[in-house]
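S.K.:
Residue numbers (mature numbering (1 follows the signal peptide of the UniProt record, and there is no 0)): -22 to -1, 1 to 816.
1) Out of curiosity, what's the CA-to-CA distance linking residue 607 and residue 575?
2) Let me check understanding here. Comparing Cα to Cα, which of 223, 631, 352 lies closest to residue 62?
3) Looking at residue 585: is its Cβ nearer than 8 Å to the Cβ of residue 759?
4) Compare the C-alpha of residue 373 against each of 301, 755, 793, 73 and name the closest.
5) Within 10 Å of its beta-carbon, does residue 322 have 16 or more other beta-carbons around it, so buried, or fewer, so exposed?
6) What residue ranges within the segment 431 to 468 form continuous beta strand (DSSP E) runs of no fewer than 3 residues, ordered along the chain?
7) Assign residue 315 to one of three DSSP states: helix, strand, or coil.
8) Within the same chain, show all residues whose beta-carbon is closer than 6 Å to that of residue 675, passing over the 5 residues directly before and after it, in chain order.
9) So, with DSSP's three-state summary, where would you put residue 645?
10) Taking the alpha carbon of residue 180 as the point to measure from, which residue in 313, 170, 772, 189 has its own alpha carbon closest?
11) Mapping the DSSP letters down to three states, classify residue 54 as helix, strand or coil.
12) I think residue 706 touches residue 595, with their Cβ atoms under 8 Å apart; what is that distance to the nearest whole Å?
13) Less than 8 Å between the C-beta atoms of residue 466 and residue 396, yes or no?
14) Residues in its own chain within less than 6 Å of residue 764 by CB, not counting five upstream and five downstream?
15) If distances are taken between C-alpha atoms only, which option among 715, 484, 348, 342 comes closest to residue 51?
16) Quick one, which of 427, 401, 451, 452 has its alpha-carbon nearest residue 445's?
17) Can you tell me where the beta strand (DSSP E) holding residue 6 begins and where it ends?
18) Taking residue 569 as part of the beta strand (DSSP E), name the residues at either end of that continuous run.
19) On a Cα-Cα basis, can you pick out the residue from 127, 639, 385 that is closest to residue 698?
20) Could you pull the DSSP bridge partners for residue 607 from this structure?
21) In whole angstroms, give me the CA-to-CA distance for residue 305 and residue 206.
22) What is the rounded straight-line gap between the Cα of residue 226 and the Cα of residue 178?
23) Helix, strand or coil: how does DSSP classify residue 419 here?
24) In this structure, how does DSSP classify residue 549 when only helix, strand and coil are distinguished?
25) Could you check if residue 293 is buried or exposed, using at least 16 other CB atoms within 10 Å of its CB as the buried criterion?
26) Does the segment 253 to 263 come close enough to the segment 90 to 106 to have 3 or more Cβ pairs within less than 8 Å?
27) What's the call for residue 829, buried or exposed, on a 16-neighbour Cβ count within 10 Å?
28) Measure the C-alpha to C-alpha separation of residue 419 and residue 12 and round it to an integer number of angstroms.
29) Grouping DSSP H, G and I as helix and E and B as strand, with all else coil, what is residue 259?
30) Around the Cβ of residue 520, are there at least 16 other Cβ atoms within 10 angstroms (buried) or fewer (exposed)?
31) Could you tell me which of 720, 648, 587, 653 sits nearest to residue 630, measuring between CA atoms?
32) Please identify the residue among 471, 487, 515, 486 whose C-alpha is closest to the C-alpha of residue 499.
33) Compare the Cα-Cα distances from residue 70 to each of 17, 25, 102 and report the closest residue.
34) Quick check on DSSP: helix, strand or coil for residue 158?
35) State the beta-bridge partners of residue 199 as determined by DSSP.
36) On the three-pair Cβ rule with 8 Å, is the segment 326 to 337 touching the segment 351 to 366?
Given below as structure tokens:
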């Protein structure tokens, strides 16, 4: 009884992986060709794509795809397009076997054996590691009778030296004692990397290149020894680009061939079992996954290559060889984890695969299939790299249909809807040749006969011209193939709209108007643009026959009217508009300060501070020089969003600058809550002192309503961070390019606190009348600051300064009229100078 329980537990453990992927849903399926079925399947955290190819059909086969050069790299779809042409249409495919991304003799060098068009392209390598993919060599191919060949293979390589023949044990892998090994160009290095316990000869000047498509099975390659590496030599033998290295492992075997000399001849014969000789191509890969209907994996099950979940690709056949399966599973994604070797083999067996071998996987795993009416296949799986990877070779499902005779044709209208008389609609072919393939560039429009039934119009080439209201059919014919599409011509317009329906334009600006027309069911009506009659009213401007309005030089209002047949529609237009006030900054308490890597203050102006218009301006003080790196900014934020009427082109604001060369910007918010930055200056553009009116362009077509959020100064350069103050006034929305009329405002000079002022007189002055009562500096609070005075020799200039001024502040230098000239005459009036310190 105890033994029975252990038996049941073992059965459970062995069967668990087999049932792990039993639940699959088909999410997509179609026929790239009548003899090829494509399936996309979804499992629990798995995604698979499968092509089932009926190779018992004499027109359908599998071919080996390659890049333009060998070795080389190209994507799966690039290789499919390269192989596809009339009479030989590629309808699907998968990536091929393993390869080296970089290689001394060419990137994309196949890692394992490849034979194409009955000639050896690459010998590849055989691994000595049982946990590697190609320890037990296997291949897939198609014989010249159209049947698939899959399974083990072994190259029979014999070399002849002085009429004595010996077997080559292996190729392009680690050399063991007593082994003869061939190293060729497809070895992953350009030198042998063997130890000193052996000898090697370099064979060149061969009658045929051992790789590159010159040698067939059974051929003999004769060459000349050009270099000898003797037993004990530490320098590796270099593998020649044309030729190979024959390497002997161990003392005994090396001793046997130690007399080999430069200039002598060596012959190499390459052969294989008869079942492979009849194939047109062979693609070596591994491990074998399914053998004779059983999950039987030719790889050590402790290998990480066996146990890791990854994207996988395989090629397989059914039991009688009438079908070839090309299968991929995605991996390294949340919805597609990938499979272990065992899980993949079980899945293949569940799909009806009788024999299968593994192909390259990971980021190389790719599946393509041709959709109906497409010329070329497109990618169907989701590669783990997020895009197609360039690969060394592919297996392509191909239909060889010989002469292609049209049996069906389809076309579509380039515009959908009913047609207004006078309008035209172009037709475009889907160009289906026969049941297997779609038409390529060898059939043109001149091969198609177009006609119209129902008397509603006529065809001009492949373009329908509408004439009379009614219902009819457009007919396309190529030989015996025929297709029809219904067409309706109508003058009954139930709804017509104009775009834009309402618009504010600048003077001397152009705007294109368009209309759409629909019937009572909401179906689009196609019309000829020249059938629309356009008019504009008032002094708004002029409009062309195509609906292009150009406004006049002055502000105006009017309508644009479009008429199609008996139906008309109008749009309101306004040319120009007076600026709209957003804020005059009369209430400083409605604004607050926000800072980023800076200090600052925002308040209404006071005392003698600059004002652009009205009674107050907004004072924005900033200090970027606080020792914090990064973009510094000081914001003046409106406590409540400020409404911006309609859709202005610009915002304008009057700014009293301090010459700080900073960046003046603002934030606005559109009707969907998205914030936008707008620029009143460039990044270092606030470079003036005194008042200046600046404008910021607004993005077009913002969702309404728009609000103003905040205005700010910013500085990105660490070397330009400083302390200063600007004043803001008259924030407006601007709707045209007409200049804004502004009241005069006093420009304050911006100076350092230690500035010494020079006051010039037109005569000699009496220094005794220059006292703290007659010459002083007044601050913003009305307090006087004592000044230091000095005169020039002629006493017609006085130099004034103060030691206790701060920054940034507003001050006023005052010279009272009580100062006197040397002759005793006083000044006619008081003199003042307003300034800001920085």
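Note that beta-carbon positions come from the ideal geometry of N, C-alpha and C, so glycine has one too.
Nothing here was measured: the structure is a model prediction, and the numbers come from that model.
M.R.: From the atom records:
1) Start at 1 with the first residue of the chain shown, and residue 607 comes out as number 629. Start at 1 with the first residue of the chain shown, and residue 575 comes out as number 597. When rounded, the distance between both Cα atoms is 7 Å.
2) Against the chain shown, residue 62 aligns to sequence position 84. Of the listed residues, the one whose Cα sits closest to residue 62 is 352.
3) Within the chain shown, numbered from 1, the residue matching residue 585 stands at position 607. Within the chain shown, numbered from 1, the residue matching residue 759 stands at position 781. Yes.
4) As a first step, residue 373 is located in the chain shown; it is residue number 395 there, counting from the start. Of the listed residues, the one whose Cα sits closest to residue 373 is 73.
5) Against the chain shown, residue 322 aligns to sequence position 344. Residue 322 is buried by the Cβ-count criterion.
6) 435 to 438, 441 to 444, 448 to 456, 459 to 467
7) By 1-based counting over the chain shown, the position of residue 315 is 337. Of the three classes helix, strand and coil, the one that applies to residue 315 here is coil, per DSSP.
8) Your numbering for residue 675 matches position 697 in the chain shown. Around residue 675: 628.
9) In the chain shown, residue 645 corresponds to position 667, counting from 1. Note: residue 645 maps to strand in three-state DSSP.
10) Position 202 of the chain shown, counted from the first residue, corresponds to residue 180. The shortest Cα separation from residue 180 among 313, 170, 772, 189 belongs to 170.
11) Start at 1 with the first residue of the chain shown, and residue 54 comes out as number 76. Three-state result, residue 54: helix.
12) In the chain shown, the residue the question calls residue 706 occupies position 728. In the chain shown, the residue the question calls residue 595 occupies position 617. Indeed, because the Cβ distance is near 6 Å, the residues count as touching under 8 Å.
13) The residue you call residue 466 lines up with position 488 of the chain shown. The residue you call residue 396 lines up with position 418 of the chain shown. Yes, the Cβ-Cβ distance between residue 466 and residue 396 is below 8 Å.
14) For the purposes of this step, residue 764 is taken as the residue at position 786 of the chain shown. 750, listed in sequence order.
15) As a first step, residue 51 must be located in the chain shown, where it is residue number 73. Checked all of 715, 484, 348, 342; the closest Cα to residue 51 is 342.
16) In the chain shown, the residue the question calls residue 445 occupies position 467. It is 401.
17) In the chain shown, the residue the question calls residue 6 occupies position 28. Looking at the DSSP string, the run of the beta strand (DSSP E) that includes residue 6 is 3 to 11.
18) Counted from its first residue, the chain shown places residue 569 at position 591. Note, residue 569: beta strand (DSSP E), 569 to 574.
19) If you number the chain shown from 1, residue 698 lands on position 720. Comparing Cα-Cα distances from residue 698 to each of 127, 639, 385, the minimum goes to 639.
20) Within the chain shown, numbered from 1, the residue matching residue 607 stands at position 629. None, per the DSSP bridge assignment.
21) As a working mapping, residue 305 is identified with position 327 in the chain shown. As a working mapping, residue 206 is identified with position 228 in the chain shown. If you take the alpha carbons of residue 305 and residue 206, they lie about 47 Å apart.
22) Mapped onto the chain shown, residue 226 falls at position 248. Mapped onto the chain shown, residue 178 falls at position 200. Residue 226 and residue 178: Cα-Cα distance of roughly 6 Å.
23) The sequence position of residue 419 within the chain shown is 441, counting from 1. With a pLDDT of only 46 at residue 419, under 50, the local geometry of the prediction cannot be trusted, and no value is derived from it.
24) Locating residue 549 in the chain shown gives position 571, where the first residue counts as 1. Three-state DSSP puts residue 549 in a strand.
25) Taking the first residue of the chain shown as position 1, residue 293 is located at position 315. Flag for residue 293 reads buried.
26) yes
27) The requested residue 829 is not part of the displayed model; the chain covers only -22 to 816.
28) Residue numbering aside, residue 419 sits at position 441 when the chain shown is read from its first letter. Residue numbering aside, residue 12 sits at position 34 when the chain shown is read from its first letter. Below a pLDDT of 50, predicted positions are generally treated as unreliable, and residue 419, at 46, falls in that range; no measurement from the model is reported.
29) Residue numbering aside, residue 259 sits at position 281 when the chain shown is read from its first letter. Three-state DSSP puts residue 259 in a strand.
30) Reading the chain shown from its first residue, position 542 is the one you call residue 520. Per the 10 Å Cβ criterion, exposed.
31) Here residue 630 corresponds to residue number 652 of the chain shown, with the count starting at 1. That would be 720, whose Cα lies nearest to the Cα of residue 630.
32) Within the chain shown, the letter at position 521 stands for residue 499. The residue with the shortest Cα to Cα distance from residue 499 is 471.
33) Residue mapping note: residue 70 aligns to position 92 of the chain shown, counting from 1. Nearest C-alpha to residue 70: 17.
34) In the chain shown, the residue the question calls residue 158 occupies position 180. Three-state DSSP puts residue 158 in a strand.
35) Working through the chain shown from its first residue, we reach residue 199 at position 221. Note: residue 199 sits in a beta bridge opposite 246.
36) no
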